[in-house]
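Here my numbering is used: the first residue of the sequence shown is 2, the next is one more, and so on.
In what follows, a structure is listed as structure tokens, so that the remarks can point back to it.
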Amino acid sequence: MSFFGSMSTAISGIRAQSSALGHISDNIANSQTIGYKRTDTSFQDIVTASSSRNHLPGAVLAAPSFTNSVQGSIDASEVPTHMAINGEGFFIVSSTIATVDNQPVFDNVNYYTRRGDFTMDRYGHLVNGAGYALQGLAIDPVTGNPVGDTPGRIQINRDFLAARPTNSISYTANLPAWPKTVNADTGVANSELLTVGRFTPPLADLSAIPASGEDIFLDNSLSGGAVTGYDSLGAPVNIQLRWSKVDNAAGGGDEWNLFYKTDDAAVGAADKWVNIGQSYAFDAQGRLAPAVDSTTITALTVNGINLGDVTLNHGSSNITQFQSTGGTVAVNTIDQNGYPSGELVSVAVSENGRITGTYSNGKTIDLAEVSLAKFNAPDKLKKLDGTAFAATQESGEAILGAGGNIIASAREASNVDIADEFSKLIVTQQAYTAGTRIVTTADELIRETLNMKR
């Protein structure tokens, strides 16, 4: 090998160390960049000729070694729309290319990032610190399930949340075997209470209770709780329930009816309470026979406000008649699915990776579901500005619906270790200096060779 060849080898080493120095400087500069993935250096030797008896040194190349799959530390954040990925995967984002008619225009190309410092811009998009808009799936407000499987840009609608009328009430309770109503709570033995039966004094018709018969009804019934429902405009409706045992028998066979208050201002023969029209008959073990998992209250009307047909859901065997020392109805669950209209107050990320909106009516609604993507070879992704990546042939296509877990109110820090980078900097500096010494030595030897003829 000639002296000129030795010099060329040394120069290739200097160039390789220069590249490594560039990677180190890039890493140190981005040590505080959210979601940044450091670039290591992979040195590769190039052999010109080599055998068991002869070896001619060739050169060295410095290739970048990406660490896109190496996770940085997850730091807590006070911003509710910030998020981090624990595990593999990337956020799917879009890039803005222009603004037309005061609206952003996107390039319709999917990019990927681990930078999760998203905040809502004036258009309702969730945009991170580098300007990329988050993608995800819309949520069906009725079923609560994602719509489709193709991610699109998440845009939060700031319009009022429309009122939802009540059409379902969840209700579970235990009815006492010995109700302490005014007429039944006589302090006599249980065997004598069995003779009470029905209403005392009796009412001619139990399908509805007129205002004139309310006192008798209240003396022969127990409070079943109350819940506030809503009509189609969001007006509140106070739904009051009462239970009355309409028949009893030794050894089981007790029968109860459920009523709701229909008109607070009713007088005389006008209906004040309405029987929902469902018989609740219990066996000797305090279970409904037959079972009543749900029933429908037809045209539920309170003080002139008609909610329409409302389903009363009890679930399986959740209306019981077990012995109760208190003698009152123990309501375990009473809830309804309606709500008034409301204004968007805040947006946050839930632990299951959904974007939720909190409204002035107290409701928290799932608005969108954040989509994640992973790659078979994430370290082969192409780096872009703003800690974003683009898919390449080497990385493979994005695999949707897979990846790690989303951590709410958190950010992933850079995976750069400053101490490690400074250690690599010292080694790189020494290697670079040693390469220059080879060039200097080869130059001196070449001069000595040229001076041999003198």
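Just so you know, even glycine gets a beta-carbon here, dropped at the ideal spot from N, CA and C.
Status (buried if at least 16 other CB within 10 Å, exposed otherwise) for residue i
i	result
residue 79	exposed
residue 193	Residue confidence is low: residue 193 scores 37 on pLDDT, short of 50, so the model does not pin down where it sits. No coordinate-derived value is stated.
residue 18	buried
residue 56	exposed
residue 210	buried
residue 431	exposed
residue 291	exposed
residue 435	exposed
residue 224	exposed
residue 301	buried
residue 448	exposed
residue 283	buried
residue 177	buried
residue 343	buried
residue 320	buried
residue 427	exposed
residue 98	exposed
residue 155	buried
residue 190	Low per-residue confidence applies at residue 190: pLDDT is 41, beneath 50, and the placement is therefore not dependable, though the value from the model is reported in the following sentence. Residue 190 comes out exposed.
residue 106	exposed
residue 11	buried
residue 47	exposed
residue 92	buried
residue 203	exposed
residue 322	buried
Beta bridge counterpart(s) of residue i as assigned by DSSP
i	result
residue 412	76
residue 217	The partner list for residue 217 (beta bridge, DSSP) is empty, contrary to what the question assumes.
residue 374	91, 401
residue 56	51
residue 84	409
residue 349	357
residue 63	44
residue 37	Residue 37 is not bridged to any residue.
residue 223	244
residue 384	390
residue 228	240
residue 157	According to DSSP, residue 157 bridges with nothing at all.
residue 282	256
residue 336	171
residue 114	92, 389
residue 207	In DSSP, residue 207 forms no bridge with anything.
residue 106	99
residue 295	314
residue 162	343
residue 331	175
residue 289	283
Backbone secondary structure at residue i - three-state DSSP
i	result
residue 268	coil
residue 92	strand
residue 361	coil
residue 32	coil
residue 24	helix
residue 322	coil
residue 390	strand
residue 273	strand
residue 424	helix
residue 452	helix
residue 344	coil
residue 100	strand
residue 430	helix
residue 193	With a pLDDT of only 37 at residue 193, under 50, the local geometry of the prediction cannot be trusted, and the value read off the model is given with reservation. Here residue 193 sits in helix by DSSP.
residue 198	Reliability fails at residue 198, whose pLDDT of 45 lies under 50, so the model's placement of it is uncertain and no value is given.
residue 310	coil
residue 435	helix
residue 150	coil
Beta carbon of residue i nearer than 8 Å to that of residue j
i	j	result
residue 376	residue 396	yes
residue 232	residue 166	yes
residue 369	residue 139	yes
residue 417	residue 31	yes
residue 212	residue 293	no
residue 382	residue 113	yes
residue 173	residue 315	yes
residue 401	residue 424	no
residue 415	residue 88	no
residue 412	residue 29	no
residue 13	residue 61	yes
residue 64	residue 21	no
residue 136	residue 125	no
residue 275	residue 168	no
residue 180	residue 262	no
residue 159	residue 345	yes
Which runs of the beta strand (DSSP E) spanning at least 3 residues fall entirely within the stretch 116 to 142, listed in chain order?
With a minimum length of 3 residues, the continuous beta strand (DSSP E) runs that stay inside the stretch 116 to 142 are 134 to 139.
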